[in-house]
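Protein chains: 2
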Amino acid sequence: MTHQPAIILVRPQLGENIGKAARAMLNFGLTDMRLVAPRDGWPNPDAGPSASGADIVLDQAQVFATVEEAVADCTHVFASTVRERGMAKPVVTPREAGKRMHAAIAAGTRPAILFGPERSGLTNDDVVCADTILTVPVNKDFGSLNLAQAVILCAYEFDQCRDETPDVQPAYEDGVASKDQLIGLMQHMERELAAKGYFKSEDRRDTQRRTLRNLIQSAAPSHQQVQTWRGIIKSLARPDAPDSSDT
Amino acid sequence: MTHQPAIILVRPQLGENIGKAARAMLNFGLTDMRLVAPRDGWPNPDAGPSASGADIVLDQAQVFATVEEAVADCTHVFASTVRERGMAKPVVTPREAGKRMHAAIAAGTRPAILFGPERSGLTNDDVVCADTILTVPVNKDFGSLNLAQAVILCAYEFDQCRDETPDVQPAYEDGVASKDQLIGLMQHMERELAAKGYFKSEDRRDTQRRTLRNLIQSAAPSHQQVQTWRGIIKSLARPDAPDSSDT
Numbered sequence: 001m002t003h004q005p006a007i008i009l010v011r012p013q014l015g016e017n018i019g020k021a022a023r024a025m026l027n028f029g030l031t032d033m034r035l036v037a038p039r040d041g042w043p044n045p046d047a048g049p050s051a052s053g054a055d056i057v058l059d060q061a062q063v064f065a066t067v068e069e070a071v072a073d074c075t076h077v078f079a080s081t082v083r084e085r086g087m088a089k090p091v092v093t094p095r096e097a098g099k100r101m102h103a104a105i106a107a108g109t110r111p112a113i114l115f116g117p118e119r120s121g122l123t124n125d126d127v128v129c130a131d132t133i134l135t136v137p138v139n140k141d142f143g144s145l146n147l148a149q150a151v152i153l154c155a156y157e158f159d160q161c162r163d164e165t166p167d168v169q170p171a172y173e174d175g176v177a178s179k180d181q182l183i184g185l186m187q188h189m190e191r192e193l194a195a196k197g198y199f200k201s202e203d204r205r206d207t208q209r210r211t212l213r214n215l216i217q218s219a220a221p222s223h224q225q226v227q228t229w230r231g232i233i234k235s236l237a238r239p240d241a242p243d244s245s246d247t
Numbered sequence: 001m002t003h004q005p006a007i008i009l010v011r012p013q014l015g016e017n018i019g020k021a022a023r024a025m026l027n028f029g030l031t032d033m034r035l036v037a038p039r040d041g042w043p044n045p046d047a048g049p050s051a052s053g054a055d056i057v058l059d060q061a062q063v064f065a066t067v068e069e070a071v072a073d074c075t076h077v078f079a080s081t082v083r084e085r086g087m088a089k090p091v092v093t094p095r096e097a098g099k100r101m102h103a104a105i106a107a108g109t110r111p112a113i114l115f116g117p118e119r120s121g122l123t124n125d126d127v128v129c130a131d132t133i134l135t136v137p138v139n140k141d142f143g144s145l146n147l148a149q150a151v152i153l154c155a156y157e158f159d160q161c162r163d164e165t166p167d168v169q170p171a172y173e174d175g176v177a178s179k180d181q182l183i184g185l186m187q188h189m190e191r192e193l194a195a196k197g198y199f200k201s202e203d204r205r206d207t208q209r210r211t212l213r214n215l216i217q218s219a220a221p222s223h224q225q226v227q228t229w230r231g232i233i234k235s236l237a238r239p240d241a242p243d244s245s246d247t
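Right, dumping it as structure tokens:
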């Protein structure tokens, strides 16, 4: 079985936050939750409702008495915190941590991330158990990050390293219209406009025609939308008729 | 004043979630919150406590009756949702949306993101007001993303486009030890080991010496850590002495 990062909540205080962290983990396919000395014991009846269906994560959660025991089978441990003075560890962003965890897993080893208690964060003795400090680059004037929010940003960045969703997916399932369809539409529009006296003078006609063609080009319509445009032009060009929706 | 993306919560249900969204925004320096027809009116007494100090965002929040009014001064609008069939709009990731919003702001215009109600998400009529669909690439088997979680992922990816935090910051403020410090340490260690009979035979001595040197090299200690290592070697090499911490 492929390893995945262990998400280790150190002395979490509120069951509700454990549930939300579980939901955030499962949103990005992570299920290895570990709890170190949860304040209110385990299981905690407040966790389930806030997990919103991520029960599998809570059901499989392992409980440990100490951070040392929780990380025993891991190889590379990140501590989610701001850097403490005098702590001789490199500091990485969640994105860099995601890449390093992905590389660790590709090498057949298991990485982990430590998250501290809601109120106080990890202690220096917790951080000593880690190899690397992971600091989310937040607003320096408002750096207090909710526990589940810190978890989801780390889980997201890990998942980004394996996710294959293209950055952009095209707007139309039936594809953008071909140029001959667009030229047909342009000619249809010009013909109807000419019949209505839109082109005032022969010497401005070419400029107006280019403006119209750029209008259609920049709209980049689909096959289906070319048909919709043609219907609009046909209706507008028609002599007035009673609209069935008129009162 | 530089524009920033407007975060538009459409018909949000719980004040608590509005507060958490405000906190998530301010974590990444965003303050332009807009509310479209919040279910329980505005202001909502449940919002403040869950904003955990992001009061400036709630205090400045603007309320609108419709999505059209909320996006009136915006140029490029993203709808945070999964793609609806037949909706002729491109779909982008949060990372791509972050880049596009950054480019829109650099061009002096104002982008926005629409987020739907907690339970039901955006309707097709809401999505029609947007240019582009923004879909967070979540676990296909567990895609339900909490409102504030969706907001923080989008705010984070926008902020990543302007954040200059280096991916990796070195472990030591005082820098990695120079090679002459390392060689001094290695020679010290070899001298003390030789005195204790560590090098069993002359023909294995070179191999053992290389192993030791690689050990020190791969630890890549700082200036300070070289001094700590030297202290350890000196203490270990000393004849037994009563340890003051012994009972």
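Which chain is which? The protein sequence lines are A and B, in order. Residue numbers are given in the UniProt record's numbering: position 171 of the first sequence equals residue 171, and the series is strictly consecutive. Residue numbers are given in the UniProt record's numbering: position 148 of the second sequence equals residue 148, and the series is strictly consecutive. In this text, a Cβ means the ideal position worked out from N, Cα and C, and glycines have one as well.
Pairwise C-alpha distance: residue j and residue i
i                      : j        : result
A:Ile18                : A:Asn146 : 12 Å
A:Ile8                 : A:Thr31  : 11 Å
A:Val151               : B:Asp240 : 49 Å
residue 250 of chain A : B:Ala219 : Here chain A covers residues 1 to 247 and nothing more, so residue 250 of chain A does not appear.
B:Ala237               : B:Lys196 : 8 Å
A:Thr247               : A:Ile232 : The pLDDT assigned to A:Thr247 is 48, lower than 50, so where the model puts this residue is not dependable, and the model offers no usable value.
B:Ala22                : B:Ile216 : 49 Å
A:Lys234               : A:Arg213 : 18 Å
B:Pro111               : B:Phe28  : 16 Å
A:Glu69                : A:Val10  : 12 Å
B:Asn139               : A:Cys154 : 15 Å
A:Gln181               : B:Ile113 : 34 Å
B:Gln227               : A:Ile105 : 35 Å
A:Arg119               : A:Val91  : 22 Å
B:Arg230               : A:Asp73  : 31 Å
A:Pro221               : A:Met186 : 12 Å
B:Thr66                : B:Val82  : 21 Å
B:Glu202               : B:Arg191 : 15 Å
A:Ala148               : B:Thr207 : 51 Å
B:Pro49                : B:Pro94  : 28 Å
B:Lys20                : A:Phe158 : 23 Å
A:Met101               : B:Lys179 : 30 Å
B:Arg34                : B:Leu14  : 15 Å
A:Asp131               : A:Gly86  : 14 Å
B:Pro170               : A:Ala88  : 9 Å
A:Gly184               : A:Leu193 : 14 Å
A:Asp125               : B:Ser144 : 36 Å
A:Lys200               : A:Thr211 : 14 Å
Continuous alpha helix (DSSP H) stretch holding residue i: start and end
i        : result
B:Thr228 : 223 to 237
B:Phe64  : First-last for B:Phe64: 62 to 64, but that is the beta strand (DSSP E), not the alpha helix (DSSP H).
B:Ser50  : 47 to 51
A:Leu147 : 147 to 160
B:Leu212 : 202 to 219
B:Gly19  : 15 to 27
B:Leu30  : Where B:Leu30 is concerned, there is no enclosing alpha helix (DSSP H), given that its DSSP letter is neither H nor E.
B:Val67  : 67 to 70
B:Gly184 : 179 to 195
B:Val176 : Premise fails: B:Val176 is in no alpha helix (DSSP H) and is neither H nor E.
A:Asn124 : 124 to 127
Any non-hydrogen atom of the ligand MN closer than 7 Å to residue i Cβ
i        : result
B:Ala220 : Of ligands this structure carries none, so the ligand MN is not represented either.
N-terminal and C-terminal residue of the beta strand (DSSP E) that residue i is part of
i        : result
A:Ser80  : 76 to 80
A:Val10  : 6 to 10
B:Val138 : No beta strand (DSSP E) holds B:Val138; DSSP gives it neither H nor E.
B:Met33  : 33 to 36
B:Pro90  : Taken as a continuous stretch (DSSP letters only), B:Pro90 belongs to no beta strand (DSSP E), as it is neither H nor E.
A:Leu114 : 111 to 115
Option nearest residue i by Cα separation, candidates the options
i        : options                               : result
A:Leu134 : A:Pro166, A:Thr228, A:Glu96           : A:Glu96
A:Ala103 : A:Asp141, A:Pro221, A:Lys140, A:His3  : A:His3
B:Val176 : B:Ala194, B:Glu157, B:Gln225, B:Leu26 : B:Gln225
A:Pro166 : B:Phe64, B:Val136, B:Asp174           : B:Val136
B:Ala47  : B:Ser178, B:Leu58, B:Gly116           : B:Leu58
A:Val36  : A:Phe115, A:Gln160, A:Met189, A:Val82 : A:Phe115
A:Arg162 : A:Ala107, A:Gly184, A:Ser80, A:Lys99  : A:Lys99
B:Phe142 : A:Arg191, A:Thr81, A:Asp55, A:Asn44   : A:Asp55
B:Pro43  : B:Glu16, B:Asp73, B:Thr66, B:Ala24    : B:Glu16
B:Pro38  : B:Trp229, B:Gln149, B:Pro12, B:Met87  : B:Pro12
B:Gln60  : B:Arg230, B:Ala6, B:Glu192            : B:Ala6
B:Gln62  : B:His223, B:Lys200, B:Ala88, B:Gly41  : B:Gly41
A:Gly121 : A:Thr211, A:Val168, A:Met25, A:Ser80  : A:Ser80
- Contacting positions in the stretch 165 to 176 of chain B - beta carbon closer than 7 Å to chain A: Thr165, Asp167, Val168, Gln169, Pro170, Ala171, Tyr172
- Output, in sequence order along the chain, the residues in the stretch 120 to 133 of chain B whose CB is closer than 7 Å to any CB in chain A. none
- Item | Contact set between the stretch 204 to 226 of chain A and chain B, restricted to residues whose Cβ is under 9 Å from the partner | Pro221, Ser222, Gln224, Gln225
- May I ask you to list, following chain order, the residues of the stretch 80 to 104 of chain B that have a beta carbon less than 9 Å from some beta carbon of chain A? Arg83, Arg85, Gly86, Met87, Ala88, Lys89, Pro90, Val91, Val92, Thr93, Pro94, Arg95, Glu96, Lys99
- Message: Under 8 Å, CB to CB, which of the residues in the stretch 58 to 77 of chain A have a partner in chain B?
- Response: none
- Item | Cβ-based contacts, 8 Å cut-off: residues of the stretch 17 to 50 of chain B near chain A | Lys20, Arg23, Ala24, Leu26, Asn27, Phe28, Gly29
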